[in-house]
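Going by my numbering, 280 is the number at position 45 of the sequence shown; the sequence numbering is gapless. Single-structure report; data block below.
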Amino acid sequence: MTLNTFHYAGVSSKNVTLGVPRLKEIINVATNIKTPSLSVYLVPELARDPVPAKNVQQELAYTSLRTVTAAIEIWYDPVPTATIIPEDEVFVESFFAIPDEEIEAKLHLQSP
236 MTLNTFHYAG VSSKNVTLGV PRLKEIINVA TNIKTPSLSV YLVPELARDP VPAKNVQQEL
296 AYTSLRTVTA AIEIWYDPVP TATIIPEDEV FVESFFAIPD EEIEAKLHLQ SP
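Now the structure itself:
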């Protein structure tokens, strides 16, 4: 019996950089990208009409992070189990709702 096999029929490329290495390529605007590939999903209105879809494709040919972000802010949360950012309150409360011994053991390692 063979385990861990993968069928490549219909796959354009079997080697695709994923995860942190791919994120580093994107953020650092790497000039030598290992596997140049990016999946972009359009809203249904644009996906069904080839003209707007082509316009999106042409605009994405070169896009910097600056052109797709409205604002960048760095916030310091002095208490890791709470947040001072109103939009993140529900997420942080949900994350710490169920105790995790591994996370709690590392909370004291956070720099002040």
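The C-beta atom is built at its ideal place from N, Cα and C for all residues, glycine as well.
DSSP three-state assignment for residue i, whether helix, strand or coil
{"i": "residue 341", "result": "helix"}
{"i": "residue 269", "result": "coil"}
{"i": "residue 281", "result": "helix"}
{"i": "residue 336", "result": "helix"}
{"i": "residue 330", "result": "helix"}
{"i": "residue 258", "result": "helix"}
{"i": "residue 325", "result": "helix"}
{"i": "residue 291", "result": "helix"}
{"i": "residue 286", "result": "helix"}
Closest by C-alpha distance to residue i, when choosing among the options
{"i": "residue 261", "options": "279, 280 and 298", "result": "298"}
{"i": "residue 275", "options": "284, 283, 292 and 267", "result": "292"}
Element boundaries [alpha helix (DSSP H), containing residue i]
{"i": "residue 263", "result": "Segment: none, residue 263 is in no alpha helix (DSSP H) and carries neither H nor E."}
{"i": "residue 301", "result": "300 to 303"}
Environment of residue i [buried if 16+ CB atoms lie within 10 Å]
{"i": "residue 341", "result": "exposed"}
For the structure I just gave you, are there three or more beta carbon pairs, one from the region 306 to 317 and one from the region 328 to 347, closer than 8 Å?
Yes, the region 306 to 317 touches the region 328 to 347.
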